[in-house]
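K.L.:
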DNA sequence: CATAGTATATGAATAAAATTAATTGATTAT
DNA sequence: ATAATCAATTAATTTTATTCATATACTATG
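Chains as they are written, first to last, in UniProt numbering: chain P, 1 to 298; chain R, 1 to 298.
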């Protein structure tokens, strides 16, 4: 039978590139590992590693098992962690995934009252997903997804929790600072600052500039909101952010929000969960959604 | 450590409802199982089963582990099956999931030349998914999804493979049999026969009737295409099916296809796969997609 | 409510499996 | 060329899983 230890061996040997190193990581002797590897190959009747001198390279079958290991071992690890929490009477860890930068800012506001109310629940926030947020939800990497893109599919449930307006941020000194709203054309001579994501995931491109075929003069990438807004304040460019976020910073910085287009750009944040979890009635999970639905003071 | 055998025990005890029965299924003595259960609970320091007389009921922690078991054990089983195939030099099993009835009809046409060409690949077709086709793809229940609803998300790739027209089928004796196309209003006095799926997954509702707020006189549910068309032929109702499928049956049955609306309803079938599988370059998988892209003689 | 029948739990014994120690042969680096 | 490193092997040992025999607990029923 394919056991957990076998998957762990395959993963560790691949990671360390050497049997001896892998043995140390697994708290085994080199001999034990060598035996286990041989036995595994005998059991399956196929090579898993190709021995090229001291180098170990995975065969096709081995690569397959490595993929299985990388997928299943984290889930087993988490199950154990969860059991430890059950044993200690703790409620568990709420693993939240976020897919957009404004989501993060919003989340910060919701998490703090939640933590106060649910002192025996930990919160873990993850941002990078190999298979995207939906994949992470299906793959049990996270329990809750904060996203602007809901996806009504069997097995998942999405709940809208927050509406906001995406606006342009400009320096108070900027020409546009006094405008009630801005047209796409007015950005053709501006430097646009955004987070480091593909343009087709940026609303200012998909919903504002691209429909009329306009590009900004330049496109600068900045990782953090604070630096981004300092750049804006010092007239190095303009950016697109949620209105509530801009208004929050406006008190300490020389920045002004301006509506994007006549109608403005309306956005929504959704919480995605697995239906199995709602059915299981995990109280601290449903409580989070409940709390998130309340209007937040931003 | 949480081992495979532990998950198997939890699942089997739950399935059989009795320790003794579960032991028989697992090819163990009752004693061995009892020992293993006790050890597992001691290891985690928490109860997994509540002993109520001879009845065994899972605790909350136990229910959690059962969910983990039901999720992970099939994946481990499949990994083993896959290894046996590697050992025998077989290529593998292509697990195809389908989400719509016309998909199935189309699939039959593609599978037979594929099987002829890839004699060392087995094909397995699944139709029911707890978490939908996308969930099955992410959860490694299937390797290929045949669906009318593509979903461009990280980790997944969708490839359009087949275009067809969804038409109304009526008896050759029917009034509408001579019409070049039919308007929604003309169905308000008809019996509509469909497969047993929710109306919002039926194009004739979502794209034809609902937009103008029309309902058929009655809605009958039939499972199989053959019976459905026999009902149509004997003037018991009308149905909506792909044109090519109707034309195929038209030679042996008194049925006629009629365009739905002036423009007709255009449909597409997509093949969905995990990006990890394309990257791994699984030849028999990419070959299937390649074959599917060729125009099929229908 | 007593009792036969059935189910689970336990302790000691045994079997099976994993791990180690000690050593050899092969490969790598200098 | 040689020392150092690494993996493989054999036999011994330890650990773990399983069984056997038996005790205990529960259920159904007359």
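Cβ atoms here follow ideal geometry from the backbone N, Cα and C, with glycine treated the same way.
What did DSSP end up calling residue 125 of chain P once you bin it into helix, strand or coil?
P.N.:
Strand, per DSSP.
K.L.:
Please check if any C-beta of chain R sits within less than 7 angstroms of the C-beta of residue 128 of chain P.
P.N.:
Judged by the 7 angstroms Cβ criterion, residue 128 of chain P is not in contact with chain R.
K.L.:
Any beta carbon of chain P sitting closer than 7 angstroms to that of residue 39 of chain R?
P.N.:
No, because no Cβ of chain P sits closer than 7 angstroms to the Cβ of residue 39 of chain R.
K.L.:
Taking all protein chains shown into account, decide if residue 147 of chain P is buried (16 or more other Cβ within 10 angstroms of its Cβ) or exposed.
P.N.:
Residue 147 of chain P should be labelled buried.
K.L.:
Am I right that residue 288 of chain P and residue 114 of chain P are in contact with their C-beta atoms under 8 angstroms? What's the rounded C-beta distance?
P.N.:
Confirmed, about 6 angstroms.
K.L.:
Would you please verify whether the beta carbon of residue 10 of chain R is less than 7 angstroms from any beta carbon of chain P?
P.N.:
Chain P contact via Cβ: absent.
K.L.:
Our contact map puts residue 166 of chain R next to residue 260 of chain R with C-beta atoms below 8 angstroms; I'd like the distance itself, whole angstroms only.
P.N.:
Residue 166 of chain R to residue 260 of chain R, Cβ: 6 angstroms. Contact.
K.L.:
Does any CB atom of chain R fall closer than 7 angstroms to the CB of residue 216 of chain P?
P.N.:
No - not a single Cβ of chain R is within 7 angstroms of the one on residue 216 of chain P.
K.L.:
How is residue 272 of chain R classed by DSSP in three states: helix, strand or coil?
P.N.:
In this structure, residue 272 of chain R counts as strand in the three-state DSSP scheme.
K.L.:
Considering only their Cβ atoms, is the gap separating residue 175 of chain P from residue 216 of chain P smaller than 7 angstroms?
P.N.:
It is not a contact, given that the beta carbons lie outside the stated cut-off.
K.L.:
At least one CB of chain P closer than 7 angstroms to the CB of residue 76 of chain R: is that the case?
P.N.:
So yes, residue 76 of chain R belongs to the interface.
K.L.:
In or out: residue 79 of chain P buried (at least 16 other Cβ within 10 Å) or exposed?
P.N.:
Label assigned to residue 79 of chain P: buried.
K.L.:
Going by C-alpha to C-alpha distance, which of R:91, R:281 and R:16 sits closest to residue 25 of chain R?
P.N.:
If we check each option's Cα against that of residue 25 of chain R, R:16 comes out closest.
K.L.:
Please list the residues of the segment 77 to 90 of chain P that have a C-beta atom closer than 7 angstroms to any C-beta atom in chain R, keeping them in chain order.
P.N.:
Listed in sequence order: 79, 80, 82, 83, 86 and 87.
K.L.:
By how many angstroms is the C-alpha of residue 237 of chain P removed from the C-alpha of residue 137 of chain P?
P.N.:
One C-alpha to the other measures close to 36 angstroms.
K.L.:
Please list, in chain order, the residues of the UniProt domain "HTH lysR-type" (1 to 59) of chain P that have any C-beta partner in chain R closer than 7 angstroms.
P.N.:
From the UniProt domain "HTH lysR-type" (1 to 59) of chain P, only 1, 2, 3, 4, 44, 45 and 46 have a Cβ closer than 7 angstroms to chain R.
K.L.:
Going by the DSSP bridge assignment, what does residue 55 of chain R pair with across the sheet?
P.N.:
For residue 55 of chain R, which the question treats as bridged, DSSP gives the partners R:52.
K.L.:
Consider the Cβ of residue 240 of chain R: report whether some Cβ of chain P lies at a distance smaller than 7 angstroms.
P.N.:
Judged by the 7 angstroms Cβ criterion, residue 240 of chain R is not in contact with chain P.
K.L.:
Measuring CB to CB, does residue 76 of chain R end up less than 7 angstroms from residue 2 of chain P?
P.N.:
The answer is yes: Cβ separation under 7 angstroms.
K.L.:
Kindly indicate which residue of R:282, R:273, R:294 and R:290 has the alpha-carbon position closest to the one of residue 131 of chain P.
P.N.:
Of the candidates R:282, R:273, R:294 and R:290, the one whose C-alpha sits nearest the C-alpha of residue 131 of chain P is R:273.
K.L.:
I believe residue 218 of chain P touches residue 191 of chain P by the beta-carbon criterion, under 8 angstroms. Please report the beta-carbon distance rounded to the nearest angstrom.
P.N.:
Yes, residue 218 of chain P and residue 191 of chain P are in contact; Cβ-Cβ is about 5 angstroms, under 8 angstroms.
K.L.:
Can you pull the chain P residues whose beta carbon is under 9 angstroms from the beta carbon of residue 131 of chain R, in chain order?
P.N.:
Going along chain P in sequence order, the residues near residue 131 of chain R (Cβ under 9 angstroms) are 138, 153, 154, 155, 156, 274, 275 and 276.
K.L.:
7 angstroms is my cut-off, CB to CB: does residue 61 of chain P come that close to chain R?
P.N.:
Yes, residue 61 of chain P counts as interfacial toward chain R.
K.L.:
Taking Cβ positions, are residue 145 of chain R and residue 133 of chain R nearer each other than 7 angstroms?
P.N.:
Taking 7 angstroms as the Cβ cut-off, residue 145 of chain R and residue 133 of chain R qualify as a contacting pair.
K.L.:
Check the C-beta distance from residue 164 of chain R over to residue 242 of chain R and give it rounded, since I have them as a contact under 8 angstroms.
P.N.:
That pair is a contact at about 5 angstroms.
K.L.:
Less than 7 angstroms between CB atoms is the rule here; does residue 232 of chain R satisfy it with respect to chain P?
P.N.:
So, not an interface residue.
K.L.:
I'd like to know whether the C-beta atoms of residue 193 of chain P and residue 250 of chain P end up nearer to each other than 7 angstroms.
P.N.:
Against a cut-off of 7 angstroms, the Cβ pair of residue 250 of chain P and residue 193 of chain P comes out as no contact.
K.L.:
Quick one: what's got a C-beta closer than 7 angstroms to residue 196 of chain R's C-beta in the same chain, skipping five residues either side?
P.N.:
Once the five neighbours on either side are set aside, the close Cβ partners of residue 196 of chain R are 221 and 223.
K.L.:
In whole angstroms, give me the CA-to-CA distance for residue 299 of chain P and residue 64 of chain P.
P.N.:
Lying before the first or after the last residue shown, residue 299 of chain P is absent from chain P, which here runs from 1 to 298.
K.L.:
Can you find the residues in the same chain that come closer than 6 angstroms, C-beta to C-beta, to residue 118 of chain R, ignoring five residues on each side of it along the sequence?
P.N.:
Excluding residues within five positions, the ones whose Cβ falls inside 6 angstroms are 284.
K.L.:
Please report how far the alpha carbon of residue 59 of chain R lies from the alpha carbon of residue 208 of chain P, in whole angstroms.
P.N.:
Each residue's alpha carbon lies about 53 angstroms from the other.
K.L.:
In terms of residues, what are the limits of the beta strand (DSSP E) holding residue 36 of chain R?
P.N.:
No beta strand (DSSP E) contains residue 36 of chain R, which is instead part of the alpha helix (DSSP H) from 30 to 44.
K.L.:
Exposed or buried, residue 45 of chain R, counting other C-beta atoms within 10 Å across all chains shown (16 or more means buried)?
P.N.:
By the neighbour-count rule (16 or more Cβ atoms within 10 Å), residue 45 of chain R is not buried but exposed.
K.L.:
Sort out for me which residues DSSP pairs residue 61 of chain R with in a bridge.
P.N.:
The partner list for residue 61 of chain R (beta bridge, DSSP) is empty, contrary to what the question assumes.
K.L.:
Provide the residue(s) that pair with residue 240 of chain P in DSSP beta bridges, ordered along the chain.
P.N.:
DSSP lists P:168 as partners of residue 240 of chain P.
K.L.:
Just checking my contact of residue 129 of chain R with residue 97 of chain R at CB under 8 angstroms: how many whole Å lie between their CB atoms?
P.N.:
Sure, about 6 angstroms apart at Cβ, within 8 angstroms.
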